[in-house]
Structures are given as structure tokens and as C-alpha cells.
Amino acid sequence: MARILITSALPYINGIKHLGNLVGSQLPADAYARFMRQTGHEVMFICATDEHGTPAELAAAKTGEAVADYCARMHGVQAELARGFRLSFDHYGRSSSARNHTLTQHLAGKLADNGLIEEVSEKQVYSLADGRFLPDRYIEGTCPNCGYDRARGDQCENCTKQLDPTELLNPRSAISGSTDLEVRETKHLYLKQSAMRDRLGEWIDRQTDWPILTTSIAKKWLYDGDGLRDRGITRDLDWGVPVKRGDKDWPGMEGKVFYVWFDAPIEYIGATAEWADAHGLGDDAWQRWWRTDMGADDVRYVQFMGKDNVPFHTLSFPATIMGSGEPWKLVDYVKSFNYLNYDGGQFSTSQGRGIFMDQALDILPSDYWRWWLLSHAPENSDSEFTWDNFQASVNKDLADVLGNFVSRVTKFCRSKFGEVVPDGGEYDEAEAGVIAQITTRLKAYEDCMTAIELRKATTELRAIWVIGNEYLQAAQPWAIYKTDPAKAAAIVRFALNLIPLYAVLSQPFIPDAADTMLAAMNSDNRNWPTDLKVALSALPAGHEFSVPEVLFTKISDETRAEMEARFAGQN
RNA sequence: GGGCCUGUAGCUCAACUGGUUAGAGCAGAGCGCUCAUAACGCUUUGGUUGGGGGUUCGAGUCCCUCCGGGCCUACCA
């Protein structure tokens, strides 16, 4: 059995994430983690909130909280929503943790020791009214090219021309509107990624099985124009990891912090250390996942993220890891996703367009969302949420095909034999045929899960559910019962045994329903089946069960229409 | 501007390195069943694979071109 390290891109602390964010990293990572655990592998599934950077400071200022308080509160909110969606992290950490501080400073020190850090003096816009340096896109003004009066300092949204903030006419702070701006000299550390271009390029070239989306983005950044550029890894902010060279002060860098994109991926390691701390374990417990000299040699490391995060995970973070000269574990597989759109447009926080995690859970249980999102995951191209499609998928797949199967089997048994697995009769070719069919489908399902082809996996899983309905239709226990009750008993016994099997197989996608099914069947065997004939005789004659509540309630046309209107946003 | 992805039945998607009459699910039509959440099963109608040209014995798949959709383009994260 292998050891699998799984990380989901860190959700930014600034606000509740929408379903597009969820399906782009955390949710598929969870399905994969669940499958790997069930199939007997040792899994470490890590996520954390990404808490540094300008947006966090501004969001805190808006609510009047100290930024540390704001982050602590929002971490709690996001952690609760993660639980609501049944995301099975082994640890949900915080990039502001002491562990991350130490690791970030340590790695920066190593990079400096290896000559991969450069001090660069540059000019940046400072807002006196806001008391802070402004990132380019926090400066607004009139576009010198087209005259648009709300152009941002990095690019004009109207004419798409790339800008330098000093080119803007009548520049003002996007935060306060203040025009009291000045250009100041400030010194920053740069990670010399350019020095590692060849090494990174060779490494990327070896990843022939990665999604095209992943490698094409990496190569674009590696070779576009002058090639991979150096990147500033410090900022003039109060909130963040203070710049230090290991545990020593860094002369000239007083009052500065590391750039959020430098420390965020390091938190994958930090959160694993936090996990060890939380469980009272020593450093060796987390190092065996991350240090190839401490046992991480045989770890397979898989990352999940939306496509916007790919450059950081395929280039910047590996540059940090490799450049340290220390034996840290590099990622083995980068699974990236396109975007999920909402009903013809993008999800939009500002316009209140689309569905956010908290709202989703208020409307329906998490299984409904998990199933739809994962069966429509934007693996090959952007995909789109519509209420119509959501209603159709949920009602048909979950309520009709799976839910109704459980219902018809358990209720028929109760009416003829009571809530006990009936005795008598023999299995024949029909049952053998079902086993053969499921064996084939199960293999395909396992292959899809192993390859992290989640859409295809849901198709296979659904096909396995359908086999149950086909079997019942052909076997007709309700008709056989009239002439041969013993044979009917055998059919029902076999059909009842399909329920815990379906529960176990479905668990990566719909964990709550899986629990309900197992509880109803009075079973606690969650082991992945290796021999279906054995698995399908797990419930012996005489085993008691209870008819479960309706597993999935259908979404009515009225509800669908109501939701459509509610989430359409303003405009 | 540059780069990448994408366009397959009304809808959502398949189709390994080019290889027999392009497949599923949903929706539609017909039939069957009546255990079940008016659920299930069977059969079936839908495609000159965005348009055009080319390479090849053979193209959804490769090349060129045109049209449409999307993303990225490095100081948001």
C-alpha cells in the first residue's frame, strides 16, 4: 500500500468561497483522498487558509477588526463550511501559524545561502492617506490610451492595454480614493527563478502524464518572452511572515514581510507540522511526508488547484524547494481545473452572482452539491452551473437511480419478509451475471479514480447503481414471490446486499448518504471490496436492518424557479 | 498583440498513439412492469463531429484557413 500526500490549493481568507472555488480544488481532492483511504493507502490530506496579503488587511479594516482577529474568525467560518461539505482534511491549517513562519524564514535563508536571493531597489507608489504602499491594481486613474476613468494601475479593463501605474492620469488610491500619492524607493528580495529555468524546464518535461492544462501553463511561463522571470518575494506590509534569514535578522529588510505567494505553498508543509503538533507527535511524524531523507521517498504527492494557481505550484514553489538544496518532497502530480461558470457568466462576489458555500448548505445537504459538482467538474474545459441541469442530475441520478433502488428493495423486503435479510432459495446465473457486470464496471471505476478522472468516475459509479435496477426488473421478486417465495427470498437477499456495496463505492462522492445506507443496513464494514462474491454475501440471512428515510428528496420545479431568481444577482 | 484550451445529437459529455456502420446519460417517442421517491426496465427518433481546403488506403482525431466560446499574459491571491 502506498503513501499519498494530497494538498488542496489554500482558500484565501478574504470571504466565503463559491462553488467554483470548491470544485476547483478542495472537493476533488477530498474525493480522491477518500478513495485512497478506502482502498487501503495511507493518506495525508492537507489544506489551510491563506491569510496574508493586502486583501486580508483591507477586509479586516472594513469590519473594524484587527487583521489577526479577522483571520482567526474567518478561519473558523471556512473550517466550519469545510466540515459542512464533509471535506476530510487530516488538518486544516493556517498560513499564519508559527510553523509556517519558521519554515518560510528557514527556506528563504537557505535560498539566500545558495545565492538565489537578490536585493532589488525599486520605486513604488505610496499612499499617504492610507499609510501603505499600493499594489499596482490598487491604484486607479484615467487610462492614457483610451480615456477610461477607472483604469487600474496594472491594466485598463476597458481597452485591455497593460499599464504602469505611473502612466495613469489623475491617479488615486483604489482603497480610499485619495490622490495624495507619491513614489517612494523601497528595497525587496527577489527569488532568482531565472537561474533555475533549465532545471525547472527539465523537470516539467519529464511530467508527461500531467494534464495538458498544467504543463502548458508551466511552459508558457518558462519560455514566454525572455523566459521565467525573477519574482519579488517580499512586501511592505504589517501582516505576514516577517522577513528573516533563518532565525537571524535580515539587514535592510526590517518591517517587511514575505509575499503571500512565497509563504502560502510552504504552508502545505507547515500545516502538516501543525497536524503533528495537534496530535502530540514529534517532528519525525510530519517529516516522513516531506523529507526524502526522513522517509518521504515512497510518498506520492498530488496537488489539486484551479488553473490560476498553476504557475505558483509548477514553478515558484518547486523553485523554492529545489533551490533550498535540502531534500524536500517535490510534487508528483499536479491536477488542475478550469473554471465553473454560473448560468452564462462568471461567479461574482461583488454582484452577488452565483452560489456560495454557506448558501449552498442552507439550501440542500452537501451530498447533492458534491455529486453535481464532481460529476460536472471542469476537467477539460470550463463548465457551467444551471439550476435546470442541477435539478435534472440530482433528481435522476441520486433520487431515482440510487435512492429509489434502496427504497424499493428495503420496502419490498419489509412487506414480505420483515426487516430481516430473508433465508432460503439459491442464487443462479442471474446473480452471477450481476457480479460479472459489476466486476467490469468496478475496475473501470477504480481506474478512473486512480487517474483522477472524476467525471468519468461518476459515470461508472452511476452505471453500477443502474445494474441493481436492471437486476430487480429482470428477477421480478414481486412476481416470483407468488409461486416460489424461497426464490424471491434469495433475490431479495442478493439485492439487499447490493446496498452496503453501493454505500462503500459511493462514499468518495456522497459520504452522508453512504453512512445512512450503511446504518440502515446495520453494517459497519467500510472496506473496499476485493472479491465481489464475498462482498455481496456480507449480510447473511437473519441479519436485521431498517428501512431508511428517503435518501434524496427531489428538487421541485417550483424550488428550481425560486432559486434561479434568488441567485440571479443584481443587474 | 502573443500564447494556450475549446467548438461532437435539443442539453451535458465519451471516442488510447488517425482504423470497422461516431457512443452514453438527460430530454422526446413507443412498449413493459407495478416492489419503489408517478420510481424502474426494454426499444427507439436525433449528428455531412462550427465552415472551407489539404495530407492519407483511411480524419472527430494531423496540417492550413475562416468563424464562435474561454483562459492566461507575471504587483489580487
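What the first sequence shows, in numbering that gives the first Met the number 0, is residues 0 to 570, in sequence order. No residue lacks a Cβ here, since even glycine has one placed at the ideal position from N, Cα and C.
Annotation: the continuous beta strand (DSSP E) that includes Pro170 extends over 168-172.
For Ser7, the uninterrupted beta strand (DSSP E) segment begins and ends at 2-7.
Under the 8 Å Cβ criterion, the segment 358-373 counts as touching the segment 497-512, having at least three qualifying pairs. Gly402 and Met448 have their C-alpha atoms spaced approximately 23 Å apart. Here the alpha carbon of Met304 sits roughly 10 Å from the alpha carbon of Leu26. Per DSSP, the unbroken beta strand (DSSP E) holding Cys46 starts and ends at 41-48. The segment 285-331 contains, as complete alpha helix (DSSP H) runs of 4+ residues, the segments 316-322 (chain order).
Exclusion of the five residues before and after Lys16 leaves Pro10, Met356 as the residues of its chain whose Cβ lies within less than 6 Å of its Cβ. At a Cβ-Cβ threshold of 7 Å, Val298 and Thr313 do not count as neighbours.
Take the alpha-carbon of Thr319 and the one of Val76: they are about 31 Å apart. A straight-line Cα-Cα distance of about 26 Å links Asp283 and Asn113.
Inter-residue distance for Glu121 and Val503 is about 58 Å (C-alpha atoms, whole angstroms). Within the same chain, Cβ atoms closer than 7 Å to the Cβ of Phe34 are found at Met448, Pro507, the five residues on either side in sequence being excluded. Between the alpha carbons of Arg205 and Trp327 lies a gap of roughly 18 Å. With distances taken between CA atoms, Lys415 lies nearest to Lys486 out of Lys486, Ala473, Val240. Rounded to the nearest angstrom, the gap between the Cα atoms of Trp260 and Gly224 is 23 Å. Excluding sequence positions up to five before and after Glu139, its CB lies within less than 8 Å of the CB of Arg149, Ala150, Arg151, Gly152, Leu167, Pro170, Arg171, Ser172, Ala173, all in the same chain and listed in chain order. Here the segment 509-523 makes no contact with the segment 426-434; the two share fewer than three CB pairs at distances below 8 Å.
Only exposed fits Gln472, as fewer than 16 other CB atoms lie within 10 angstroms of its CB. Per DSSP, the beta bridge partners of Thr141 are Leu168.
The Cβ-Cβ distance between Leu190 and Arg230 falls below 7 Å. Spanning the alpha carbons of Pro317 and Ala275 requires a straight line of approximately 23 Å. For Arg413, same chain residues with a beta-carbon under 7 Å away, outside a window of 5 residues either side, are Val546 in chain order. Taking each of Gly254, Ala28, Leu80 in turn and checking the Cα distance to Phe132, the smallest one comes out for Gly254.
In summary, Asp197 is exposed, with fewer than 16 beta-carbon neighbours lying within 10 Å of its beta-carbon over all protein chains present.
With contact defined as three or more Cβ pairs closer than 8 Å, the segment 528-548 and the segment 435-451 are in contact. The segment 242-253 makes no contact with the segment 62-75: fewer than 3 CB pairs, one atom from each, lie closer than 8 Å. In the structure shown, Glu121 falls within a strand segment according to DSSP collapsed to helix, strand and coil. In this structure, Ser24 places its C-beta atom within 7 Å of the C-beta atom of Ala8. Here the alpha carbon of Ile3 sits roughly 44 Å from the alpha carbon of Leu162. In the displayed model, Ser545 falls within coil according to three-state DSSP, outside both helix and strand. With a cut-off of 8 Å on Cβ pairs, the segment 531-538 is in contact with the segment 485-501, counting three or more such pairs. Here Asn340 is bridged, per DSSP, to Glu383. Shown here for Leu127: same chain residues with a beta carbon closer than 8 Å to its own, the five before and five after excluded, namely Ser177, Asp179, Leu180, Glu181 in chain order. Tyr222 is the residue among Tyr222, Lys186, Tyr31, Pro210 whose C-alpha sits nearest the C-alpha of Glu201.
Straight across, the Cα-Cα distance linking Ile479 with Leu550 is about 27 Å.
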